[in-house]
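So the sequence lines, in the order shown, correspond to chains A and B. The first sequence begins at 2 in my numbering and counts up by one. The second sequence begins at 2 in my numbering and counts up by one. In what follows, a single structure is set out as structure tokens and then discussed.
2 protein chains.
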Amino acid sequence: MSVTIKDIAKHAGVSYSTVSKALRDSPLVKKPTKTKIMKIAEELGYQPNVAARSLVQKKSYTIGVVWPSVERVAPSILITNINDILERHSYTTLLSINKLESAIATFNRFQVDAILIFGENEDDKKRSKIQSTVPILYYGIQEGSYFPTIDVNRRLAIKLAVKHLKEIGHQEIAFIGELQTQDPLQREKATGYLEAMNVEKASDLPNLVIPTNGLEVYDGYLAAKSLLTNNKHVTAIVSGSYDLTRGILRAISELSLHVPNDLSIISYDNIPQSPNIEIQLTTVGVPVTRIAQSISETLLSIIEGQELPESIILEPELFITDSCSPIRQQ
Amino acid sequence: MSVTIKDIAKHAGVSYSTVSKALRDSPLVKKPTKTKIMKIAEELGYQPNVAARSLVQKKSYTIGVVWPSVERVAPSILITNINDILERHSYTTLLSINKLESAIATFNRFQVDAILIFGENEDDKKRSKIQSTVPILYYGIQEGSYFPTIDVNRRLAIKLAVKHLKEIGHQEIAFIGELQTQDPLQREKATGYLEAMNVEKASDLPNLVIPTNGLEVYDGYLAAKSLLTNNKHVTAIVSGSYDLTRGILRAISELSLHVPNDLSIISYDNIPQSPNIEIQLTTVGVPVTRIAQSISETLLSIIEGQELPESIILEPELFITDSCSPIRQQ
DNA sequence: TTGTAAGCGTTATCAT
DNA sequence: ATGATAACGCTTACAA
Chain A
2 MSVTIKDIAK HAGVSYSTVS KALRDSPLVK KPTKTKIMKI AEELGYQPNV AARSLVQKKS
62 YTIGVVWPSV ERVAPSILIT NINDILERHS YTTLLSINKL ESAIATFNRF QVDAILIFGE
122 NEDDKKRSKI QSTVPILYYG IQEGSYFPTI DVNRRLAIKL AVKHLKEIGH QEIAFIGELQ
182 TQDPLQREKA TGYLEAMNVE KASDLPNLVI PTNGLEVYDG YLAAKSLLTN NKHVTAIVSG
242 SYDLTRGILR AISELSLHVP NDLSIISYDN IPQSPNIEIQ LTTVGVPVTR IAQSISETLL
302 SIIEGQELPE SIILEPELFI TDSCSPIRQQ
Chain B
2 MSVTIKDIAK HAGVSYSTVS KALRDSPLVK KPTKTKIMKI AEELGYQPNV AARSLVQKKS
62 YTIGVVWPSV ERVAPSILIT NINDILERHS YTTLLSINKL ESAIATFNRF QVDAILIFGE
122 NEDDKKRSKI QSTVPILYYG IQEGSYFPTI DVNRRLAIKL AVKHLKEIGH QEIAFIGELQ
182 TQDPLQREKA TGYLEAMNVE KASDLPNLVI PTNGLEVYDG YLAAKSLLTN NKHVTAIVSG
242 SYDLTRGILR AISELSLHVP NDLSIISYDN IPQSPNIEIQ LTTVGVPVTR IAQSISETLL
302 SIIEGQELPE SIILEPELFI TDSCSPIRQQ
């Protein structure tokens, strides 16, 4: 049986409402009694009952996160960041790995203060029928969503990368990424590349667009091997993800090529780079900290009843470092 | 503002206590009224308030899962399985990605019915000071835990693999896995290998124990490449994880070797194999479904107040298939 | 400055 | 078969 404020009240010889005030650090209670009560609460290992509080306050200081994929690294780091920020604002995050509908129903029963959905597939955002008393924020592809959405402009990110490479003289710029996929996030990147290269479809640049079968290190390795052995004119590679890039770098070093002298590389990336990579990478994307900040702020303002913006698109930045150099005019 | 049973009562022209009974499908209320009430609840989009119920019932039908690592594939699949089983028993799982102490505190405030900890590091289980009214079950290394623990016998798993290979005539049996690691789960596997090979330490078999820098596909690939180019006598490989095995298979095929004719392979594995792998693998381990079943059952019986066993160790099985063949006597 | 009491949405125990 | 009511643990006017 757990400790309640009544238990504390008995021990302290005060009424339980005084205890309640003391614990919430109300100015209506004297310092000495306050500290005495605090101490007793501590000793008894008191934990406030969320159910009781949220019943009367109609507020649970909890944010529900719909997390249908517990496996990807990038969103993992993102949710960790968000969690940290919200914690500082004394909110707790709770994740559900159930399907969208059922997760939302659960969170409604729990009366969480807001729901954050990590978008997985196109269908998610289209479910207009979903009922929720609790306000919802959606993180994923913006287009056509029925929920207020925060999105990262992946298309522009890759475009920036290609443009930068063109500006410093590159022409044979390859793209390595997932192409034949249902994942709209990946498709956006490919589209960005094609637009920046001024072509319609991937088949217009058969020697420069190398589709992968996944986003793992090994997929990048295979793609780069195939690219570099079949096409000797490539001077730059744009990579669709950090893991792919790691594989690409392995392939490059196996072929005794050098970055950036023989090849320039720009990697799409949100997450902070692990330092054990061989070279300081030029990256393009929205830093995870900025995404986390933006999502957290929006969540908080939604909770405070602010009229929520229909959609927020975060614009990417290019972080130019060693892995990228101007092409020597021949 | 969300719909309550009082709202439903008004619409139905009955008292709210009748509504409560009807919704819980009590035999104390007539069919017609019951269906009428159900229908209205449906129409109004009623969701029961967990806070209110758990306050009076002292039961939330919720299990809190401490999930410090939101990134690994194997535990992801496990928690998904557990979630499914518990759902069938009308329990909801909620994950917290906070640190152990703070996650447990949160779940206590939420009055969840039980807490499941996914063990990450050695320290976790040693924290005897942790206060929790809610019963806790720990999944991870059993040894020295202060919580009731469910563990998988990884050491025996690898031993079984080595023994089987020996029985069918192999002698030069290599092990590829993570060695210099803090992760006790990985260390157990290496220990199992060393014990089965009757040696003290890894350095006693320098040509057969190949440590990796991680558990990714590429790590397996690199290790196998190095193993097979430096040691021509190897006839069998035991792999510490499924992803490593995928890399090992790549390396083998690049060297134009054939499984199982040139090399037998046994892979440690819990998760069901993805069908797109080239060969049906001989695996050893406890199937994830059995782990999930065992954890769920234990959780449920803990909740029902059963005296909980101090620790449960799940024993591995060997699944022999194509990737493993007897050695030809020379 | 402290105590009293009402009420949050639900279940459960009594009456009716 | 249905309704009235107390209780769960807490916050918050309001009274003292």
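All C-beta atoms in this analysis are idealised placements derived from N, C-alpha and C, irrespective of residue type, glycine included. The model shown is predicted, which means the values in this text are computed figures rather than measured ones.
{"query": "Pull up the distance between the alpha-carbon of Q331(B) and that of P261(B), whole angstroms please.", "result": "Its pLDDT being 46, under 50, Q331(B) is placed unreliably in this model, and the value from its coordinates should be taken loosely. Going by the C-alpha atoms only, they are around 17 Å apart."}
{"query": "Considering only their Cβ atoms, is the gap separating L56(A) from L56(B) smaller than 8 Å?", "result": "yes"}
{"query": "Determine the chain A residues that contact I98(B) at a beta-carbon separation under 8 Å, and present them in chain order.", "result": "I80, T81, N84, T94, L96"}
{"query": "Do we get a CB-CB distance below 8 Å when we pair E217(A) with the residues of chain B?", "result": "yes"}
{"query": "In chain A, what lies closer than 7 Å to T107(B) by C-beta?", "result": "T93"}
{"query": "Please confirm if T36(B) has its CB atom under 8 Å from at least one CB of chain A.", "result": "no"}
{"query": "For the candidate residues G286(A), L161(A), A224(A), whose alpha-carbon lies nearest to that of L180(A)?", "result": "A224(A)"}
{"query": "Given W68(B), which residues of its chain have a CB within under 6 Å of its CB, disregarding the five upstream and five downstream residues?", "result": "L96, I98, F119"}
{"query": "Counting only the same chain and skipping the five closest in sequence on each side, list residues whose C-beta sits under 8 Å from that of T93(A).", "result": "Y62, T63, I64, L87"}
{"query": "Cβ of L138(B) within 8 Å of Cβ of P149(B)?", "result": "yes"}
{"query": "So the alpha helix (DSSP H) Y1(A) belongs to, where does it begin and stop?", "result": "The structure shown does not extend to residue 1(A), since chain A is modelled only from 2 through 331, so no value can be given for it."}
{"query": "For L258(B), which three-state DSSP category applies?", "result": "coil"}
{"query": "In terms of alpha-carbon separation, which member of V51(A), I80(A), A162(A) lies closest to I116(A)?", "result": "I80(A)"}
{"query": "Is there contact between the segment 312-325 of chain B and the segment 183-196 of chain B, where contact requires at least three CB pairs shorter than 8 Å?", "result": "no"}
{"query": "For V4(A), which of G14(B), I314(B), S133(B) has the nearest alpha-carbon?", "result": "S133(B)"}
{"query": "Would Y243(A) count as contacting chain B if we go by Cβ distances under 8 Å?", "result": "no"}
{"query": "Thinking I296(B) and I151(B) are a contact (beta carbons under 8 Å), I'd like their distance in whole angstroms, please.", "result": "6 Å"}
{"query": "For the putative contact between E236(A) and S265(A), defined by C-beta atoms under 8 Å, what is the C-beta separation to the nearest angstrom?", "result": "It is Thr, not Glu, that sits at residue 236(A) in the sequence shown. Between S265(A) and T236(A) the Cβ distance is about 7 Å, and since that is below 8 Å, they are a contact."}
{"query": "Would you verify that the beta carbon of E311(B) is, or is not, closer than 8 Å to some beta carbon of chain A?", "result": "no"}
{"query": "How is the alpha helix (DSSP H) around D8(B) delimited, first residue to last?", "result": "6-13"}
{"query": "For P76(A), list the residues DSSP reports as bridge partners.", "result": "According to DSSP, P76(A) bridges with nothing at all."}
{"query": "Buried or exposed for E255(A), please, with buried defined as at least 16 other CB atoms from any protein chain shown within 10 angstroms of its CB.", "result": "exposed"}
{"query": "Using a Cβ cut-off of 7 Å, which residues of the segment 44-63 of chain A contact any Cβ in chain B, in chain order?", "result": "G46, Q48, P49, N50, V51, A52, A53, S55, L56"}
{"query": "Below 9 Å on C-beta distance, what does Q183(B) contact in chain A?", "result": "Result: empty, since nearest Cβ-Cβ is about 16 Å, beyond 9 Å."}
{"query": "In chain order, which continuous runs of the alpha helix (DSSP H) of length 4 or greater are located wholly inside the segment 127-195 of chain A?", "result": "155-168"}
{"query": "How about S21(A): is its C-beta nearer than 8 Å to some C-beta of chain B?", "result": "no"}
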